[in-house]
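Be aware that the sequence shown starts at 10, since it is given in my numbering, and climbs by one per residue. Virtual Cβ for every residue (Gly too), placed ideally from N, Cα, C. Structure record follows, encoded as structure tokens.
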Amino acid sequence: MTNHATPLPTLGHQIRLSSCPAGKGIPDGWVRFSPNPSQRLCRFFMAFATAFGLTVLTLGVLYLPDYLMDYAHRDESFLAFFLKFLISAVLFVSLVAALNTIVRDRVFYVHPETKRLVIARCLTPETLHRAIPLPANLQLLAPDGLSRRAQLLIPLDIPTVLAETHGQYDDLTALKNWFETLNKK
């Protein structure tokens, strides 16, 4: 890790902290925040379960009337095909939704000295042009519902999710406190 004037937050339960190497148009001092593997896996399963439920509901609404009126009177081979089609559709949609959460991972970079923030999967010279000042008042949404998802939001016109965890959220609290400390300097 690089030496920072403001100590970095103590994380590790839900969010990983790592320094970014300088070079190729990226100055020294950037710190990367990303979810740990168990949080990624949790997001994967939550997206899979949500998509599975919504797909079953949608296909049920779309096909149940046809099934009751027409398909139920057909022979067993067609019914087996119809059941395989529905199961395949549900699994395909659920898997695509779950993989989408892995592709769109919640990663952000902070430069503590210049008080800049970049929300991007990879830090490049192009993404550095989208750097914004550190937000002054982050909003922490405590865990809700069955998923126990907590979120750290940037209060813009449309609130932007900076980080999220499932289960405990002590890393989000530490991050919020660290941002407040950086903004006071």
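| Item | Value |
| --- | --- |
| Okay, do the stretch 29-44 and the stretch 124-133 touch, 3+ Cβ pairs below 8 Å being the bar? | yes |
| Judging by CA-CA distance, which residue of L104, L137 and E85 is the nearest neighbour of G32? | L137 |
| Pick from D153, T190 and R130: whose alpha carbon is nearest that of P44? | R130 |
| Determine contact between the stretch 165-183 and the stretch 148-157, defined as no fewer than three beta-carbon pairs at a distance below 8 Å. | yes |
| Is it buried or exposed for Q23, if we count other Cβ within 10 angstroms and need 16 for buried? | buried |
| Relative to the alpha-carbon of A56, which residue among P18, S27, S28 and T110 has its alpha-carbon at the smallest distance? | T110 |
| Please list, in chain order, all residues of the same chain as I35 whose beta carbon is under 8 Å from its beta carbon, the five residues on each side excluded. | C29, L132, T133, P134 and L137 |
| Which residues does DSSP list as the beta-bridge partners of T169? | I163 |
| Would you mind giving the Cβ-Cβ distance between R144 and F188, rounded to the nearest angstrom? I have them listed as a contact below 8 Å. | The sequence given here places Pro at residue 144; Arg does not occur at that position. The Cβ separation is near 7 Å, so the contact holds. |
| Buried or exposed: V170, going by 16 or more other Cβ atoms within 10 Å of its Cβ? | exposed |
| Is DSSP giving A106 helix, strand or coil here? | helix |
| Please name the residue or residues paired with S27 in a DSSP beta bridge. | R41 |
| At a cut-off of 8 Å, would you count F87 as near the ligand GDP, judging by its Cβ distance to the nearest heavy atom? | What this structure holds is no ligand at all, so the ligand GDP is not there to describe. |
| Would you give the residue range spanned by the alpha helix (DSSP H) that Y76 belongs to? | P46 to M78 |
| So T64 and V99 are supposed to be a Cβ contact under 8 Å. How far apart are they, rounded? | 5 Å |
| With a 10 Å radius around its C-beta and 16 neighbouring C-beta atoms as the bar for buried, classify H82 as buried or exposed. | exposed |
| Give me the DSSP bridge partner(s) of P142. | R125 |
| Going by other Cβ atoms of all chains shown within 10 Å of its Cβ, with 16 needed for buried, is A89 buried or exposed? | exposed |
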